[in-house]
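Student:
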Amino acid sequence: MSNDGFSISEIIEISEKAVSAGDFVRAIRLYSAWIDMNQSDDMLFLAHFYLGVAYRKNYQFELAASSFKNSLDLNKEFMNSYILMQYCQIMATTNDTPTGGASQVPACSQDKLFKDIAKLRRK
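Pasting the structure below:
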């Protein structure tokens with residue numbers, strides 16, 4: 001559980017809804033903020049994995065590969081990270097990004113992100 005009371009499962013649930021709606025930027029911000037605030041959490045590898053998934057879906061293959069590597073570094077037995085890391089490394093070298101490319105992730109404060117989550121949690 002994070003110091004703001006948000007578990008990784010809550011962040012995954014909210015972020016995956018954002019991803020399903022095509023809001024990859026929001027998911028990336030949420031995972032990144034949670035990772036920054038929970039460096040000693042046992043589930044940190046899972047947060048890096050899902051961050052990689054959000055980057056991959058946003059066609060940011062180099063960042064996705066890096067996130068999957070971070071996940072694998074934290075949990076060597078989590079083979080999903082290895083498989084997707086390899087895939088993203090290949091995709092990063094092919095430059096086969098669909099028209100429109102990736103959405104850029106503008107800066108956003110962690111406080112604002114977690115306030116948004118708190119509002120969603122109350123609903």
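Reading the sequence shown from the start, the letters are residues 1 to 123 in UniProt numbering.
Backbone N, C-alpha and C fix where the C-beta goes; we use that ideal spot for every residue, glycine too.
Run through DSSP, which three-state label would ASN80 get?
Tutor: For the purposes of this step, residue 80 is taken as the residue at position 80 of the sequence shown. Residue state, collapsed to three classes: helix.
Student: In whole angstroms, give me the CA-to-CA distance for LEU30 and ASN75.
Tutor: For this step, residue 30 is matched to residue 30 along the sequence shown. For this step, residue 75 is matched to residue 75 along the sequence shown. Approximately 21 Å, taken between the alpha carbons.
Student: Would LEU51 pass as a contact of SER67 if the rule is Cβ separation under 8 Å?
Tutor: As a first step, residue 51 must be located in the sequence shown, where it is residue number 51. As a first step, residue 67 must be located in the sequence shown, where it is residue number 67. Cβ distance < 8 Å, so LEU51 and SER67 count as in contact.
Student: When the distance is taken between beta carbons, is GLU62 closer than 8 Å to ALA92?
Tutor: Counting from one through the sequence shown, the residue named residue 92 turns up at place 92. Counting from one through the sequence shown, the residue named residue 62 turns up at place 62. In contact: ALA92 and GLU62 (Cβ atoms closer than 8 Å).
Student: Ignore the nearest five residues each way along the sequence and tell me which others in ASN70's own chain have a CB closer than 6 Å to its CB.
Tutor: To locate residue 70, count along the sequence shown from 1; it is residue 70. Closer than 6 Å at the Cβ level, and outside the excluded window around ASN70, lie HIS48.
Student: What would DSSP say about GLY100, mapped onto helix, strand or coil?
Tutor: Working through the sequence shown from its first residue, we reach residue 100 at position 100. With a pLDDT of 49 at GLY100, under the threshold of 50, the predicted position of this residue should be treated as unreliable, though the coordinate-derived value follows. In this structure, GLY100 counts as coil in the three-state DSSP scheme.
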